[in-house]
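All letters in the sequence shown, in the order written, are residues 420 to 668 by my numbering. In this text, a Cβ means the ideal position worked out from N, Cα and C, and glycines have one as well. For reference, the structure is listed below as structure tokens.
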Amino acid sequence: MALERGEAQVCRVVHVPSPEQEDARRRSRERARLVVERGQHVSRIKGLLMTQGIRDFAPTRRDWQARFEGLRTPDGQELAPCLRAEVLRECRRLWQVLEMIAEVETEQQAVMAAEDGTAARLARLRGIGLTFATVLGNEVFFRAFRTRREVGSYLGLAPSPWQSGGVRRDQGIAKAGNPRARRTAIELAWLWLRHQPGSALARWFHARVGTGTGRFRRIMLVALARKLTVALWRYVSLGTVPEGAVLKV
């Protein structure tokens, strides 16, 4: 009753996703785990070969088997039998992971084409691909937000003001929201600057940062990520394209 009267501090309302929404998240989360595993296999293969002085082997190339057969140490020696077998098994595991990533991405593309939902609308903007659109659609825009502050708070990108007596201080962003969505929003902000240089958000960023580098530039990028997510929320909920943004042809 107190909450209905407008006393928002008496409790917090949790927006629980439906079983279907929770299940739809699994593809993007599985892909993220597979990408991490891919990097681990690549690092392991290159590390093993580096012990023998071999630096130019690319295990993700399609002709990796033919190149592997011709591997030699800088002094012309072949790989030791046990090392050779270990690297070969590691390459086979790597390619199994690559096949799984391709399978998950194919499923994501099929779902996006069939449903024509939030992810499909996001993917129409230049600079937003299949992966980013799917993560934002499943992790952020599956629920309804009332204000832009709710959007920033959900991502953990809202400021945390602190006051004691006459002292007021900003403690930075809260980081209390969805970590997957927050990482995606910050990565997308970098891509937005590259692929949407004529947009109002990109011009705002460059006007504020100028030639600044280092910590100040990173802080402003977080601010851009928050503004960009709010703009995308208005885009998927109201159909308002971010000012100056270009759609894919």
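Taking all protein chains shown into account, do 16 or more other C-beta atoms lie within 10 angstroms of the C-beta of residue i, making it buried, or fewer, making it exposed?
i, result
"Lys-646", "buried"
"Gly-495", "exposed"
"Leu-612", "buried"
"Trp-609", "exposed"
"His-434", "exposed"
"Glu-441", "exposed"
"Val-455", "exposed"
Just how far apart, CA to CA, sit residue i and residue j?
i, j, result
"Phe-564", "Glu-423", "18 Å"
"Thr-492", "Ile-473", "6 Å"
"Arg-448", "Gly-585", "45 Å"
"Glu-524", "Ala-499", "37 Å"
"Gly-672", "Ile-520", "Residue coverage of the chain in this structure runs from 420 to 668, which leaves residue 672 outside it and unanswerable."
"Leu-607", "Pro-438", "27 Å"
"Asp-482", "Glu-569", "49 Å"
"Arg-636", "Gly-575", "19 Å"
"Gly-458", "Glu-426", "49 Å"
"Thr-603", "Trp-652", "14 Å"
"Ala-421", "His-625", "45 Å"
"Asp-475", "Lys-465", "9 Å"
"Val-461", "Pro-478", "7 Å"
"Trp-623", "Ile-592", "20 Å"
"Leu-502", "Pro-436", "48 Å"
Out of the options, which has the shortest C-alpha to C-alpha gap to residue i?
i, options, result
"Gly-571", "Arg-587, Ala-642, Tyr-654", "Ala-642"
"Ala-600", "Val-530, Thr-550, Ser-579", "Thr-550"
"Ala-552", "Tyr-654, Ala-595, Pro-436", "Tyr-654"
"Leu-555", "Ala-477, Lys-667, Thr-648, Thr-566", "Thr-648"
"Ala-504", "Phe-487, Ala-619, Glu-518", "Phe-487"
"Ala-595", "Ile-605, Ser-579, Arg-562", "Ser-579"
"Ala-650", "Ala-443, Ala-451, Phe-560, Val-461", "Phe-560"
"Glu-526", "Arg-540, Arg-444, Gln-484", "Arg-444"
Contained beta strand (DSSP E) runs [length at least 3] in the stretch 460-533, N- to C-terminal order | Counting only runs of 3 or more, we get nothing.
Is the number of C-beta pairs between the stretch 629-640 and the stretch 537-554 that are closer than 8 Å three or more?
-> no
For the stretch 658-666 against the stretch 614-628, are there 3 or more C-beta pairs whose distance is under 8 Å?
-> Segments in contact, yes.
Could you tell me whether the stretch 526-533 touches the stretch 498-516, using the rule of 3 or more Cβ pairs below 8 Å?
-> no
Please list the segments of the beta strand (DSSP E) lying wholly inside the stretch 559-607, counting only runs of 3 or more residues, in order along the chain.
-> 578-583, 586-592
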